[in-house]
Structure formats: C-alpha cells, structure tokens
Amino acid sequence: MSFFAPLFAEYDPLSLVLAALVMFVAGFVKGAVGFALPMVAVSGIGSILPAAVAVAALMLPALLTNVWQALRDGLGKALESLRTFRAYTLGIVVVMGLVAPLVSILPAPTLLLILGVGVTFFAAIQLAGWRPSAEMARRPAAGAVSAGIAGVFGGLAAVTGPPVVLYMLARGVPKVEQVRIQGVIFLLGLIVVTSIHGATGVLNAVTLPLSVLLIAPAFAGMAVGLWVQDRLAQETFRRATLVVLVIAGLNLLRRGLAG
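Counting from 536, one number per residue, gives the positions in the sequence shown under this note's numbering.
Structure (structure tokens):
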C-alpha cells in the first residue's frame, strides 16, 4: 500500500476513477484499431490531470498492451514483421529516444498543441481522400520522413500511430500484419522512452504508481477491442482508424488552446 500512498495523497479518488475509465476506453480503441491508446489517454486523462502526468501515466499500460499486440500471433511472426520493416523501425526508435527528454521541458499547452496539430492533420488529409500511392510509399525517402515524424510524436507522448498507420495503409499492408508491426514498433519505442522518463523524473513516486494502477483497465478494454477488431472488414478498419485520429486530434487541440 505504501507504493500507492504518494498517488492517493496527491489526487482525489474521483480523478483516479475517471483516469481508469479513460484508460479502459483507450485500451478498447487500441484493441479495435491497433493503435491510439496514447492519443486517447493523453487527451482524456490530460483533461483531468496535468499533461505531463497523463504522458507518464500511459507508459506502462501502453508498453504492456503492445507486448500483447506484437506477440498475439507468436514471437516468430513478430520477428518476421520486424525483419521486413527493420530500417523503418530503427529510425522511429532512435528519434523517439532523442526527443523524449523534451517532455520534462516543454510547457503543457505547447505539448498538446504540437500533438493536436499533427494528429488532426494526418487524419484530415486521409478523410479528405488523399492517400500516398504505393509507389511513393515504397521510396526510401518516404519511409525516412514517416519514421522521423513518428519518432518525434512518439518521443513527445508515445503517439507514434498516425504516421505509421498512414505509411502502412499506403503500402497496402494487410490488417493483421499492420496491427502486428505497429505493436512491434510501439513496443520497442516505448521501452526506450520509458527508460528515459525514469531517468528524467517524468516517471516518479506519484506517476509510476498511477501508471501501474492503469494497467488493468487498459488490458480489460483491449480485450473487448480485440474481439471487435476480429470482426471488422479491411475498409471498415481503415475508416475507423481515421475517425479515431480526428476525434483524438481535435480534443488535443482544444486542450492546448485552452491552456
């Protein structure tokens, strides 16, 4: 109980219950579409608690749900996906590690605005009908740009999903393979970012217990979401991912502008 004592001393029970409910929804969305737990968690929990606390809180739930997502089809399949996208994955992880220390420096409104603009932009261009061609996506430069952008957003708040999803959709990667490689990329990146946050103090005596507390609702939500995902058609899956991006991105913008 002493492990959680600083958390309960800092925040009231209602705030913690609401944070757990948000994390359940975030887990559900991740299970259904294969990503977006950080976006939903940051935008939702960030409406209840400070932005930096929201970022810290999602670290362990995101890390462990990505273990589940990456290994759902077995270690062999995960390694096969990693080999296929090894250069792309390495680029994302390296940039995430370089950017992550900024979380302890940037003002909360600035952090939320950066995330909100990026997420909303990526979703809006897709919903407007723009989609990079498969030929364009296969160019090394396209992969490098996508990996760089994903690494920046991933380092700031583990929001690696939008550019990765767009890149995978453009490459025409099948749904199951897309979800698996997303899990592998997110997992490796989060291992690096979580380690950095532990060193910089973003994960501390208050936020680490909060992150532990939110693991269970994240897993419960993801279990329900995976049941839904298995019943989604490919095009329905694609549209659902974009709708999730728009909603989360606009909420991040609202939080950033509200200060």
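Just so it is clear, CB atoms sit at the ideal spot from N, CA and C, and this is done for glycine as well.
Computed from a prediction, not measured in an experiment: that's the story for all the values here.
| field | Whole-number beta carbon distance between residue 735 and residue 582, since they are thought to touch under 8 Å | value | For the purposes of this step, residue 582 is identified with residue 47 of the sequence shown, where counting begins at 1. For the purposes of this step, residue 735 is identified with residue 200 of the sequence shown, where counting begins at 1. Not really, about 24 Å apart at Cβ, beyond 8 Å.
| field | Inter-stretch contact (C-beta, 8 Å, three-pair minimum) for the stretch 608-623 and the stretch 743-762 | value | Contact between the stretch 608-623 and the stretch 743-762 is absent, because fewer than three Cβ pairs lie under 8 Å.
| Do the stretch 716-723 and the stretch 561-570 make contact, defined as three or more Cβ pairs closer than 8 Å? | Segments in contact, yes.
| Endpoints, the alpha helix (DSSP H) within which residue 752 is located | Residue numbering aside, residue 752 sits at position 217 when the sequence shown is read from its first letter. Boundaries of the alpha helix (DSSP H) around residue 752: 750-764.
| said: So for residue 603, helix, strand or coil by DSSP? | reply: On the sequence shown, position 68 is the one that residue 603 refers to. In this structure, residue 603 counts as helix in the three-state DSSP scheme.
| Nearest CA to the CA of residue 730: which residue from 595, 584, 553 and 745? | Residue 730 sits at position 195 when you count from the first residue of the sequence shown. In this structure, 595 is the residue among 595, 584, 553 and 745 with its C-alpha nearest to the C-alpha of residue 730.
| field | Extent of the continuous alpha helix (DSSP H) to which residue 562 belongs | value | Against the sequence shown, residue 562 aligns to sequence position 27. DSSP places residue 562 inside the alpha helix (DSSP H), whose first and last residues are 548-568.
| Beta-carbon proximity list for residue 762, same chain, < 8 Å, skipping 5 on both sides | Stepping through the sequence shown from its first residue, residue 762 is reached at position 227. The residues 566, in chain order, have a CB closer than 8 Å to that of residue 762 in the same chain once the five nearest residues on each side in sequence are set aside.
| message | Distance check for residue 600 and residue 626, CA to CA, integer angstroms please. | response | Counting from one through the sequence shown, the residue named residue 626 turns up at place 91. Counting from one through the sequence shown, the residue named residue 600 turns up at place 65. Going from the Cα of residue 626 to the Cα of residue 600 covers about 22 Å.
| query | Hey, residue 662 and residue 777 are a contact pair by Cβ (cut 8 Å); roughly how many whole angstroms apart? | reply | Mapped onto the sequence shown, residue 662 falls at position 127. Mapped onto the sequence shown, residue 777 falls at position 242. For residue 662 against residue 777, the beta-carbon gap comes to about 5 Å, under 8 Å, which counts as contact.
| request: For the alpha helix (DSSP H) holding residue 723, just list the boundary residues, first then last. | output: For this step, residue 723 is matched to residue 188 along the sequence shown. Under the DSSP assignment, residue 723 falls in the alpha helix (DSSP H) whose first and last residues are 710-735.
| message | Quick check: the Cα distance between residue 683 and residue 540, rounded to an integer number of angstroms? | response | The residue given as residue 683 occupies position 148 in the sequence shown. The residue given as residue 540 occupies position 5 in the sequence shown. Cα-Cα distance, rounded: 39 Å.
| said: Distance check for residue 576 and residue 653, CA to CA, integer angstroms please. | reply: Position 118 of the sequence shown, counting from 1, holds the residue named residue 653. Position 41 of the sequence shown, counting from 1, holds the residue named residue 576. Going by the C-alpha atoms only, they are around 16 Å apart.
| query | How close, in whole Å, do the beta carbons of residue 667 and residue 705 come, if the pair is a contact with beta carbons under 8 Å? | reply | Along the sequence shown, read from residue 1 onward, the residue named residue 667 stands at position 132. Along the sequence shown, read from residue 1 onward, the residue named residue 705 stands at position 170. Right, their Cβ atoms sit about 4 Å apart.
| request: Please state if the CB of residue 690 and the CB of residue 634 are separated by a distance shorter than 8 Å. | output: Within the sequence shown, residue 634 is the residue found at index 99, counting from 1. Within the sequence shown, residue 690 is the residue found at index 155, counting from 1. The answer is yes: Cβ separation under 8 Å.
| said: Please identify the residue among 563, 580 and 574 whose C-alpha is closest to the C-alpha of residue 550. | reply: In the sequence shown, residue 550 corresponds to position 15, counting from 1. The candidate whose alpha carbon is nearest that of residue 550 is 580.
| said: If the criterion is Cβ atoms closer than 8 Å, does the pair residue 695 and residue 685 meet it? | reply: Position 160 of the sequence shown holds residue 695. Position 150 of the sequence shown holds residue 685. Annotated as proximal: residue 695 and residue 685, with beta-carbon spacing under 8 Å.
| query | If you draw a straight line from the alpha carbon of residue 604 to that of residue 768, how long is it in whole angstroms? | reply | Numbered from its first residue, the sequence shown carries residue 604 at position 69. Numbered from its first residue, the sequence shown carries residue 768 at position 233. Approximately 19 Å between the Cα atoms of the pair.
| query | How would you label residue 709, buried or exposed, when you count the other beta carbons within 10 angstroms and need 16 or more for buried? | reply | For the purposes of this step, residue 709 is taken as the residue at position 174 of the sequence shown. Under this definition residue 709 is an exposed residue.
| task | Would you mind reading off the limits of the alpha helix (DSSP H) that contains residue 626? | result | Walking along the sequence shown from the start, residue 626 turns up at place 91. First-last of the alpha helix (DSSP H) with residue 626: 621-634.
| field | Of the listed residues 785, 792 and 743, nearest to residue 587 (C-alpha basis) | value | For the purposes of this step, residue 587 is taken as the residue at position 52 of the sequence shown. Of 785, 792 and 743, the residue nearest in Cα terms is 743.
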